[in-house]
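Chains as they are written, first to last, in numbering that gives the first Met the number 0: chain A, 0 to 53; chain B, 0 to 567. Report on one structure; see the data block that follows.
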Amino acid sequence: MSSPSESLHRVPDTEDEAVTGVPGVPKWSGVYALVLTVFVLLLLGMTWFARHFA
Amino acid sequence: MTALDYLVLFGTIISIAAYGVWATRSGGGLETYLKGDQRIGWGTIGLSVMATQASAITFLSTPGQGYESGMGFVQNYFGMPLALIIVAGVFLPIYRRLKVYTAYEYLGKRFDGKTRLLGAAFFFLQRGLAAGITIYAPAIIVSSVLNWPLGVTVLGTGILVVVYTVTGGSEAVSLTQRYQMAVILIGMGIAFVVVLAKMPANVSTGDALAVAGAMGKLEAVNWEFDINERYTVWSGIFGGLFLSLSYFGADQSQVQRYLTGRSLRESRMGLMFNAVLKIPMQFFILLLGALVFVFYQFERPPVFFNEAVWENQRQSEQGAEFAAIDEAFVEAHAVKEAAVSTWLAARASSDPAAESAARSAMTAAQMRTEDVREQARTALAAADTEIKASDSDYVFITFVLDHLPHGLVGLLIAVIFCAALSSTASELNALGATTAVDFYRHVFNPGADDAHSLAASKWFTAMWGVVAIAFALFANLVENLIEAVNILGSIFYGTVLGLFLVAFFLKHVRGTAVFWGGIIAQTLVIVFFFNLEISYLWYNFIGCAMCVCFSLMAQLILPGRNGGQATA
Chain A
0 MSSPSESLHR
10 VPDTEDEAVT
20 GVPGVPKWSG
30 VYALVLTVFV
40 LLLLGMTWFA
50 RHFA
Chain B
0 MTALDYLVLF
10 GTIISIAAYG
20 VWATRSGGGL
30 ETYLKGDQRI
40 GWGTIGLSVM
50 ATQASAITFL
60 STPGQGYESG
70 MGFVQNYFGM
80 PLALIIVAGV
90 FLPIYRRLKV
100 YTAYEYLGKR
110 FDGKTRLLGA
120 AFFFLQRGLA
130 AGITIYAPAI
140 IVSSVLNWPL
150 GVTVLGTGIL
160 VVVYTVTGGS
170 EAVSLTQRYQ
180 MAVILIGMGI
190 AFVVVLAKMP
200 ANVSTGDALA
210 VAGAMGKLEA
220 VNWEFDINER
230 YTVWSGIFGG
240 LFLSLSYFGA
250 DQSQVQRYLT
260 GRSLRESRMG
270 LMFNAVLKIP
280 MQFFILLLGA
290 LVFVFYQFER
300 PPVFFNEAVW
310 ENQRQSEQGA
320 EFAAIDEAFV
330 EAHAVKEAAV
340 STWLAARASS
350 DPAAESAARS
360 AMTAAQMRTE
370 DVREQARTAL
380 AAADTEIKAS
390 DSDYVFITFV
400 LDHLPHGLVG
410 LLIAVIFCAA
420 LSSTASELNA
430 LGATTAVDFY
440 RHVFNPGADD
450 AHSLAASKWF
460 TAMWGVVAIA
470 FALFANLVEN
480 LIEAVNILGS
490 IFYGTVLGLF
500 LVAFFLKHVR
510 GTAVFWGGII
520 AQTLVIVFFF
530 NLEISYLWYN
540 FIGCAMCVCF
550 SLMAQLILPG
560 RNGGQATA
């Protein structure tokens, strides 16, 4: 049994490697940043597409 | 449909279902049945999450939406990548660490039993009805265009999905979804190629896109900040974020899919797979609809795509009125076809004045055909108020049946049934699991061992299957009811998300406070819904914000009344 507050904070990735080589930066931050970058590129691509064929 | 089409159709859907039963024949315990022993890889999870979200009506309606209104609907999904990142980073690790079977079990561990039941009850209200709709909606369309008895289509789809979901559980659902999604993607890809190949020889892909663009069908992105516009980048990112957070983070039909992952990494990768691929997939399905629109500039479509309904009226006493509309449409379409060809020639000539004049003529011709289609809809509505006046759901299937080669017709009908089976399977699997774990084992039989709980899960899954089939068979479902189910979802999603956000981020708020915060928020959402003129999508945000605020206030008012201890 752990305290209620324990479940409220971000849970360490105990099943995964917890951090990257950069102290305090979770490993998955890079993946999330990549996904958001892909989204921004898609947004820009669709904007170009809509304007190009308007 | 020829014998070859039937062979492809039944061969595809039955062999996938049979594989699901065969691959999971060894059985296993409750853990295996509800979480597939957590041995599923990220690719299967990704396809399974995608297949759960994409119901048959997605593949019937979305191309129709591209045909009718253009590609703006894609913006609805813009909140999804960020929502999936939050689910992968916050929700998922907690679910896995606490080894829960359902999302609502987490509410029980974090707060108390009554909050767990509240979350589960909201889920039943949404998904219990939706399971019937996901069987009914494609069945009514396919039955209409293929002249199949509706009852047989509903029963066939329902019984098939119940058999493999009950016998194989979560693993069978994930495994079959992998192949069903593969069939869907291959089928839609082939349809995309065929529509381009079917364009007239002198119309290149660039020309086709230019026609779609000139007709306003390719406006995928609208950067204006206008809350009256249904689809903009901002409403998509903001509204879509709350909707997707609630759907992927707190709806058991999705949570159960990614909890089957063999590790946290596999589950996360499955979610990121969707964060990256869902928007392009929707983009291409809408683009397919826009290209079908261009195809029908050179090939006359029916004036009303639900041709069975139209033909009935043509044979009725008012048949002369409908025949006159048909004639007007033939004439208007011939004028438009010529205007489109003239515009393409003017565009190629690089003469801006000629191009502008031809574009105006083409737009006017398009408006004329739309006027005639509107007359058709009005005449149908006047002839019979029970008739659904919108025919956009019938656009794509009409194109498939009339213009795809035999064999591929069967494959595309299989796409529709694969989508219906995959989303229904997830719903039944989740409804059965939630009934067994959050109600039966939690309230009625707390001492039940795993073997007993496994049997109960199978019975509850079968029970929900029967409920869904009965709902689809006997309810007189029309357009309004389908929309009503969507509205019902939005009304409850906000509060459910609020319960989970309080659980994750407001550590001092306890069970009794969040329970009453949720009840008050949900009551007010229902009151607002019946008294205010707000688009129902906004209730996702309003319900969530009110649940969080009222939970905080209740925690201040109820000092010391913790409403149960967290056991995490």
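Glycine included, each C-beta is placed from N, C-alpha and C at the ideal position.
Counting C-beta atoms within 10 angstroms of its own C-beta, residue 24/B has fewer than 16 neighbours from the protein chains shown and is therefore classed as exposed. Exclusion of the five residues before and after residue 71/B leaves 218, 219, 221, 230 as the residues of its chain whose Cβ lies within less than 7 Å of its Cβ. Counting of Cβ neighbours within 10 angstroms places residue 456/B among the buried residues, the total reaching 16 or more.
Cα atoms of residue 175/B and residue 410/B: separation of roughly 16 Å, rounded to the nearest angstrom. Residue pairing by DSSP places residue 39/B opposite 260/B in a beta bridge. If you compare the alpha carbons of 430/B, 422/B, 172/B with that of residue 135/B, the shortest gap goes to 422/B. Residue environment: residue 348/B is assigned as exposed (fewer than 16 neighbouring CB atoms within 10 Å of its CB, all protein chains considered). Residue 372/B is classed as buried because its beta carbon has at least 16 other beta carbons within 10 Å across all chains shown. Close partners of residue 217/B in chain A (Cβ separation under 8 Å): 48, 49, 52, 53. Scanning the segment 105-136 of chain B from its first residue to its last, no whole alpha helix (DSSP H) run of 4-plus residues comes out. Remark: C-beta atoms of residue 288/B and residue 76/B do not approach each other more closely than 8 Å.
Residue contact with chain B for residue 40/A: absent (no Cβ-Cβ distance below 8 Å to any residue of chain B). In the same chain as residue 363/B, and ignoring 5 residues on each side of it, no C-beta atom comes closer than 6 Å to its own.
Here residue 267/B is actually not in contact with residue 81/B; their C-beta atoms are around 15 Å apart, not less than 8 Å. In this model, residue 185/B and residue 489/B are separated by some 32 Å (Cα to Cα). Using a Cβ-Cβ cut-off of 8 Å, residue 284/B does not count as an interface residue toward chain A, since no Cβ of chain A sits closer than that to its own.
Assigned with DSSP and collapsed to three states, residue 288/B falls in helix. In summary, residue 170/B is buried, with 16 or more beta-carbon neighbours lying within 10 Å of its beta-carbon over all protein chains present. With a threshold of 8 Å between beta carbons, residue 267/B makes contact with chain A. Between the segment 268-279 of chain B and the segment 24-43 of chain A, the count of C-beta pairs closer than 8 Å reaches three or more; the two stretches touch. Only buried fits residue 44/B, as 16 or more other CB atoms lie within 10 angstroms of its CB. The DSSP assignment places no complete run of the beta strand (DSSP E) inside the segment 129-179 of chain B (cut-off: 3 residues). The C-alpha of residue 242/B is placed about 13 Å away from the C-alpha of residue 544/B. Close partners of residue 488/B in chain A (Cβ separation under 8 Å) are lacking, with about 24 Å as the shortest Cβ gap. The C-beta distance from residue 49/B to residue 180/B rounds to 6 Å, short enough to meet the 8 Å contact threshold. Judged by beta-carbon spacing, residue 103/B lies within the 8 Å limit of residue 433/B, meaning their Cβ atoms are closer than that value. The three-state secondary structure of residue 314/B, taken from DSSP, is coil. The beta carbon of residue 167/B is closer than 7 Å to those of 19, 20, 23 in its chain, skipping five residues each way along the sequence. Between residue 292/B and residue 197/B, the C-beta spacing is not below 8 Å. Secondary structure at residue 545/B: helix, using DSSP grouped into helix, strand and coil. Collapsing the DSSP output to three states places residue 509/B in coil. Taking a 10 Å sphere around the C-beta of residue 300/B, we find 16 or more other C-beta atoms and assign the residue as buried. Contact between residue 183/B and residue 419/B is absent: CB atoms are separated by about 11 Å, not below the 8 Å threshold. Counting only the Cα atoms, residue 69/B lies some 12 Å from residue 281/B.
Excluding residues up to 5 positions away in sequence, 16 lie with their Cβ nearer than 6 Å to the Cβ of residue 159/B in the same chain.
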